[in-house]
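Novice:
Residue numbers (my numbering): 19 to 460.
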């Protein structure tokens, strides 16, 4: 049914019930015929319709089981009083054609209120759309400008034209990631020394860079990241390994997540020990310049065959002077080769404990009485130490790292005993540090 909006201020809605079959013309005829002369000349329905003050009468009827039901709509531009009188007059109709009928007015609706509600709702939608389109904060402007600059900063490096940050050539350290989007995301966080391998086939450029620079492999926390990491460990010299949270990709990390992942990086040799990848890593000693590189760079898992050399050279490099004086310099006197096994029962016990967990990737945490308070996997050692304030000594089948020593100093530990010494830049005071070589019997 179509209602003419130009003649509508109010809409009379009435329901018809007839005891028989009637059609639309019968109903319209009854409305005009039975109200004619009923309300006087001023409210004559025909005259009002001709003048446009009453709109077209719309009828919708349905017949079922010998009865007819219908809806009558009459638009009106009369005032409220006249419209109400006209609506009441409809209820006086008692016959439609040959059938008895009743008409009941359901409501007289103010169409202008409905229109106003629609106007308000539509205006709200338009305003919301307009605000969203024009909403640009200062931080949005900064991010937009920064993103455009960062995209322009990405360069193509080497003959393979690998996506890289602008500082890869000049930096002493690089971060190796999977793809171009990873490099862009690191640029957004202000990290400009990243380079992408663009797949699991590590380019020659990255392999050569790994011989000159400190390399951190930053991979996704999924199976694809595992594959790239294995490939890197086999063909390049990787110093540190950082991983995105499980199930996440580097390209989708926030700046906070990126920084946290890079802070939590672990030495490659420790990663290899933890996950049993010893036979799958690149061995620089197979090449002529490898010994020189080993002297200049942190100790690596692939250098395990010449272990005595590795222990002799990296130890002075990290400047462990505080450690050497309280713990290691007295060692040659009380722990000279003959009495080494029986000279100090505590160290003998540490040696036996270290031997018993060798190859298990386990760590034993001792309390004040040197009793075993907990035994955990090495991969969980850092988190366990953070929550165990009663720990005084830790003996573990792994590599002693700067992070472990920092946590040990923070919680007041006395001794740290591990298989090998990693890259230590600062030796905390008051902590005894021993390796398997230090405790070994002559």
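A virtual CB, placed ideally from N, CA and C, is assigned to each residue, including glycine.
Could you check the C-alpha separation between residue 385 and residue 453 for me, to the nearest Å?
Specialist: Distance between the alpha carbons of residue 385 and residue 453 is about 20 Å.
Novice: Buried or exposed: residue 374, going by 16 or more other Cβ atoms within 10 Å of its Cβ?
Specialist: The residue is exposed, with fewer than 16 neighbouring Cβ atoms inside 10 Å.
Novice: Provide the residue(s) that pair with residue 438 in DSSP beta bridges, ordered along the chain.
Specialist: 417, per the DSSP bridge assignment.
Novice: Determine, using beta carbons only, whether residue 254 and residue 232 come nearer to each other than 8 Å.
Specialist: The answer is no: Cβ separation not under 8 Å.
Novice: Does the separation of the CB atoms of residue 425 and residue 438 fall below 8 Å?
Specialist: No, Cβ-Cβ distance for residue 425 and residue 438 is not below 8 Å.
Novice: Go through its chain and collect everything with a Cβ distance to residue 115's Cβ below 6 Å, but skip five positions before and after it.
Specialist: Only 40 and 44 meet the Cβ criterion.
Novice: Since residue 113 sits in a beta bridge, which residues does DSSP pair it with?
Specialist: According to DSSP, which records beta bridges pairwise, residue 113 is partnered with 118.
Novice: Can you tell me which residues form a DSSP beta bridge with residue 450?
Specialist: DSSP output for residue 450 lists 433 as bridge partner(s).
Novice: With distances taken between CB atoms, is the gap from residue 131 to residue 109 smaller than 8 Å?
Specialist: No, they are not a contact pair.
Novice: Under the assumption that residue 57 contacts residue 103 (Cβ atoms under 8 Å), give the Cβ distance between them as a whole number of angstroms.
Specialist: Contact flag correct, Cβ pair sits at about 6 Å.
Novice: If you follow the alpha helix (DSSP H) that residue 291 is in, where does it begin and where does it stop?
Specialist: Unbroken alpha helix (DSSP H) run through residue 291: 286 to 293.
Novice: Considering Cα atoms alone, identify which of 100, 368 and 125 is closest to residue 389.
Specialist: Checked all of 100, 368 and 125; the closest Cα to residue 389 is 368.
Novice: With 16 as the cutoff for other CB atoms within 10 Å, does residue 414 come out buried or exposed?
Specialist: When all chains shown are included, residue 414 counts as buried.
Novice: On the CB-based measure, 16 or more other CB atoms within 10 Å of its CB, does residue 513 come out buried or exposed?
Specialist: The question about residue 513 has no answer here: the residues shown for the chain are numbered 19 through 460.
Novice: Starting from residue 90, trace the beta strand (DSSP E) in both directions and tell me its first and last residue.
Specialist: Its beta strand (DSSP E) spans residues 85 to 94.
Novice: Would you kindly check if the distance between the Cβ of residue 201 and the Cβ of residue 187 is under 8 Å?
Specialist: In this structure, residue 201 does not lie closer than 8 Å to residue 187 by Cβ.
Novice: Between which residues of its own chain and residue 266 is the CB-CB distance below 6 Å, once the five residues before and five after are set aside?
Specialist: These residues qualify, in order along the chain: 239.
Novice: Which residues in the same chain as residue 174 place their Cβ atom closer than 8 Å to its Cβ, once the five residues preceding and following it in sequence are excluded?
Specialist: Only 180, 181 and 182 meet the Cβ criterion.
Novice: In whole angstroms, what is the alpha-carbon distance linking residue 420 and residue 178?
Specialist: Near 36 Å, if we compare the C-alpha coordinates of residue 178 and residue 420.
Novice: Please classify residue 347: does DSSP put it in a helix, a strand, or coil?
Specialist: Unreliable placement is indicated for residue 347, whose pLDDT of 37 sits below 50; no coordinate value is reported for it.
Novice: If you follow the beta strand (DSSP E) that residue 279 is part of, which residue opens it and which one closes it?
Specialist: Here residue 279 belongs to no beta strand (DSSP E); instead the alpha helix (DSSP H) covers 273 to 281.
Novice: Could you tell me which residues DSSP puts in a beta bridge with residue 380?
Specialist: DSSP, once it has assigned bridges, lists 395 as partnering residue 380.
Novice: Using a 10 Å radius around the Cβ and a threshold of 16 neighbouring Cβ atoms, would you call residue 137 buried or exposed?
Specialist: By the neighbour-count rule (16 or more Cβ atoms within 10 Å), residue 137 is not buried but exposed.
Novice: What's the call for residue 94, buried or exposed, on a 16-neighbour Cβ count within 10 Å?
Specialist: Counting Cβ neighbours within 10 Å, residue 94 comes out buried, since at least 16 surround it.
Novice: If you follow the alpha helix (DSSP H) that residue 201 is part of, which residue opens it and which one closes it?
Specialist: It spans 198 to 206 - the alpha helix (DSSP H) in which residue 201 sits, taken as one unbroken run.
Novice: What separation, rounded to the nearest whole angstrom, lies between the Cα atoms of residue 75 and residue 91?
Specialist: Cα-Cα distance, rounded: 6 Å.
Novice: Please list the terminal residues of the continuous alpha helix (DSSP H) segment that includes residue 137.
Specialist: 129 to 152 is the span of the alpha helix (DSSP H), which, as asked, contains residue 137.
Novice: For the beta strand (DSSP E) that residue 43 lies in, which residues bound it at each end?
Specialist: That residue, residue 43, is in no beta strand (DSSP E); its alpha helix (DSSP H) goes 42 to 53.
Novice: Going by C-alpha distance, which of 245, 249, 252 and 237 is nearest residue 282?
Specialist: When each option's Cα is compared against that of residue 282, the closest is 237.
Novice: Counting C-beta neighbours from all protein chains within 10 Å, is the total for residue 387 16 or more, i.e. buried, or is it exposed?
Specialist: Flag for residue 387 reads exposed.
Novice: Under the three-state reduction of DSSP, which class applies to residue 180: helix, strand or coil?
Specialist: Note: residue 180 maps to strand in three-state DSSP.
Novice: Which residues does DSSP pair with residue 235 in a beta bridge?
Specialist: Partner(s): 194 and 259.
Novice: Here's the rule I'm using: 16 or more other beta-carbon atoms within 10 Å means buried, otherwise exposed. How should residue 146 be labelled?
Specialist: It is exposed - the Cβ of residue 146 has fewer than 16 other Cβ atoms within 10 Å.
Novice: In the DSSP output, what is residue 125 paired with across the bridge?
Specialist: Answer is 31.
Novice: Identify which residue in 48, 370, 258 and 106 has its Cα closest to the Cα of residue 118.
Specialist: If we check each option's Cα against that of residue 118, 48 comes out closest.
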